[in-house]
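Sequential numbering of the sequence shown, starting at -3, is according to the working numbering.
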Amino acid sequence: MGCDIHLMVEVKDKETMIWEEYDVADKLLNFIGRNYKLFSILADVRNGVGFANVDTGDKFVPIDYPRGIPKDASQSYLAYVEDFAIDGHSHSFFNLVELKEFDWYG
C-alpha cells in the first residue's frame, strides 16, 4: 500500500491578504508520487518504516511534523482536501524560507 504526495503552491495577495493557488506548470507538480525520502523530510511520514512497519533504512530529520491544514488556506486547497476526504492525511505547510534554509544534504 503506497502513500502519495500531493502539493499546492499558494501565494498571498498583498491587497486582500488572502491565499490563492499559484498554478505551477499546469498542475504537473500537484502530484509528486511516492518519493518516501521526500515525504519523510516534509512530514516525518514513512520515515524509516514502510507498510506494516517494515524497516526501510535510515531515518531522515524532518523539517517538521505535520502541521495540519492552515487556518487561512486558499479555497482551492480546501476543496482539494475535501475531495480526498479520509484518504488525505499528514497535511502540512511550509513557507519558502523554511524550504530554502533546510539542510537537504545533512
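Cβ coordinates follow ideal geometry from the N, Cα and C atoms, glycine included.
| Query | Result |
| --- | --- |
| Considering only their Cβ atoms, is the gap separating I65 from L38 smaller than 9 Å? | no |
| Do you know whose CA, among K55, V77, I82, D51, lies nearest H2's CA? | V77 |
| Take S36 and list the residues in its own chain whose beta-carbon comes closer than 8 Å to its own, dropping the five residues that flank it on each side. | R42, N43, G44, K55, F56, P58 |
| On the DSSP bridge list, what partners appear for D51? | V45 |
| Taking a contact to mean a Cβ-Cβ separation below 9 Å, would you say S86 touches M4 in this structure? | no |
| Helix, strand or coil for K8? Go by DSSP, reduced to three states. | strand |
| Among the candidates D0, E6, C(-1), G(-2), whose CA atom is the shortest distance from the CA of A69? | E6 |
| Going by C-alpha distance, which of W15, C(-1), L34, N49 is nearest D99? | L34 |
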